[in-house]
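Visitor: Letter 227 of the sequence shown, counting from 1, is numbered 305 in the numbering used here, and no numbers are missing.
We treat Cβ as the ideally placed atom computed from N, Cα and C, and that holds for glycine.
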Amino acid sequence: MSNHVPNDTDLAGLPSYSDVQAAYRARSELRQNFMTLTNDQLDIQELFRSVAAQLESTPEIGEEHPLCAEWNDLRQRHRKVYRDSQQNAGMCAHFLKNFAEILVPLSQSPDISVAQKKQMIGKFLEAIPVHLNAARTNADKFSELAKEVEVFPRKVASALRLKAEPQGFFESVWTGLEELCMSIWNTLNRLLIKIVNMFKLMLSRLEKMRFSCCTFHPQFGISLDIHFTRYHSLEAELNSHEMSPRQVVGSVEEDAKAIAEKLTAFESAWHVVGLACTKLQADLALARGFISCDFPILEACDSNLRAAALVHTPLVECLNAYSVGKSPDFV
79 MSNHVPNDTD LAGLPSYSDV QAAYRARSEL RQNFMTLTND QLDIQELFRS VAAQLESTPE
139 IGEEHPLCAE WNDLRQRHRK VYRDSQQNAG MCAHFLKNFA EILVPLSQSP DISVAQKKQM
199 IGKFLEAIPV HLNAARTNAD KFSELAKEVE VFPRKVASAL RLKAEPQGFF ESVWTGLEEL
259 CMSIWNTLNR LLIKIVNMFK LMLSRLEKMR FSCCTFHPQF GISLDIHFTR YHSLEAELNS
319 HEMSPRQVVG SVEEDAKAIA EKLTAFESAW HVVGLACTKL QADLALARGF ISCDFPILEA
379 CDSNLRAAAL VHTPLVECLN AYSVGKSPDF V
């Protein structure tokens, strides 16, 4: 039975306690920032649709209003920003995976010279700014989009207020005529809808019909009995979809606020990615410094690389999941 006692060489590949603690902290932070993003994305899409439908169905705005086009532009920009960020996430995950699975093991190989190790670290350092700038760009785009969405309800309120308060005498007269014609049309339209709905309701509530004919002389008669279920007023049902301008603004404001909050979550997640790239850049620069001096400190270089890999490994899981629209599966 062997009584092998681990020496310094055996323990060189093991992470320190502080490295493990740093990895747990990183995993916890990533869990907080990435776990809800999949549901947030679905919610954002639904909220964009909700506001678009609200604008189109509001008589004072309608489908052809510039606000509808502006909202659709924000919606399309969000889709593009999200798709671009997914692509960036996949590329960054691949880079970090190569760091953990290629650079770190090779740097500890006895077959790799100091010069080769220094060259490899230099190549990875050159690639980091690409991913760092992409992370910052994504965070900025989500932030800008959130700000524009947040102020959009003010534009809706302004448009509705201008409709309600036309300027000038002739504009007031013309608007009054328009409103009179529109009022007449809306009244006739609602009346027709009520008539149609009444017939629909009558037919839907028809229980039975009984037809009888009496032919005994000298009496002759025909009777028709129709039975309906109990009637309920359609007024509340017809008016349930009509909202006042104040209610429209309130609804749009509530949805826009929810979108802005969820977009901020994406901004925060990419801020974390940017910080991770900055930290990796510092770790690699320090590791290269250890082997660039007159008396290279290989153990310190390897230890620094291992610690960096341990911290950034959970980020690879998060970015891979994000790139395909899923939540990271933390154990």
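Is DSSP giving Val-402 helix, strand or coil here?
Guide: coil
Visitor: So, is Lys-413 buried or exposed, given that buried needs 16 or more other C-beta atoms within 10 angstroms?
Guide: In the structure displayed, the chain extends from 79 to 409; residue 413 sits before or after that span and is not available.
Visitor: Does the stretch 382 to 392 come close enough to the stretch 167 to 185 to have 3 or more Cβ pairs within less than 8 Å?
Guide: With the cut-off at 8 Å, the stretch 382 to 392 and the stretch 167 to 185 touch.
Visitor: Could you check what DSSP says for Thr-136 in three-state terms: helix, strand or coil?
Guide: coil
Visitor: Can you tell me which of Ser-346, Ala-360, Leu-223 puts its alpha carbon nearest to the alpha carbon of Asn-111?
Guide: Ser-346
Visitor: Suppose contacts are defined by Cβ-Cβ distances below 7 Å. Is Val-192 in contact with Leu-383 by that definition?
Guide: Between Val-192 and Leu-383, the C-beta spacing is not below 7 Å.
Visitor: To the nearest angstrom, report how far apart Arg-214 and Gln-132 are at their CA atoms.
Guide: So the alpha carbons of these two residues sit roughly 34 Å apart.
Visitor: Below 8 Å, how does it come out for the stretch 347 to 354 and the stretch 206 to 222: are there three or more Cβ pairs, yes or no?
Guide: yes
Visitor: Could you give the first and the last residue of the continuous alpha helix (DSSP H) run that contains Leu-145?
Guide: Element bounds for Leu-145: 144 to 176.
Visitor: Helix, strand or coil for Ile-190, going by three-state DSSP, please let me know.
Guide: coil
Visitor: Measure the C-alpha to C-alpha separation of Glu-204 and Val-227 and round it to an integer number of angstroms.
Guide: 37 Å
Visitor: In the DSSP assignment, the alpha helix (DSSP H) including Thr-114 goes from what residue to what residue?
Guide: Neither: Thr-114 is in no alpha helix (DSSP H) and is coded neither H nor E.
Visitor: Does DSSP put Ser-322 in a helix, in a strand, or in coil?
Guide: coil
Visitor: State yes or no: is the C-beta of Ser-57 within less than 7 Å of the C-beta of Gly-168?
Guide: This structure cannot speak to residue 57, because the chain is shown only from 79 to 409.
Visitor: Hey, out of Met-198, Asp-218, Asp-361, whose CA is closest to Thr-342's CA?
Guide: Asp-218
Visitor: What separation, rounded to the nearest whole angstrom, lies between the Cα atoms of His-156 and Ile-369?
Guide: 45 Å
Visitor: Keeping to the same chain, check which residues put their C-beta closer than 6 Å to that of Phe-344; ignore five residues upstream and five downstream.
Guide: Phe-220
Visitor: Between Leu-364 and Ile-199, which are expected to be in contact by the criterion C-beta below 8 Å, what is the C-beta distance as a whole number of angstroms?
Guide: Not really, about 10 Å apart at Cβ, beyond 8 Å.
Visitor: So, with DSSP's three-state summary, where would you put Asp-333?
Guide: helix
Visitor: What are the boundary residues of the alpha helix (DSSP H) that includes Leu-181?
Guide: Premise fails: Leu-181 is in no alpha helix (DSSP H) and is neither H nor E.
Visitor: With a CB to CB cut of under 7 Å and the five nearest residues on each side skipped, what residues in its chain are close to Ile-190?
Guide: Leu-184
Visitor: Express the C-alpha separation of Met-321 and Gly-403 in angstroms, rounding to a whole number.
Guide: 36 Å
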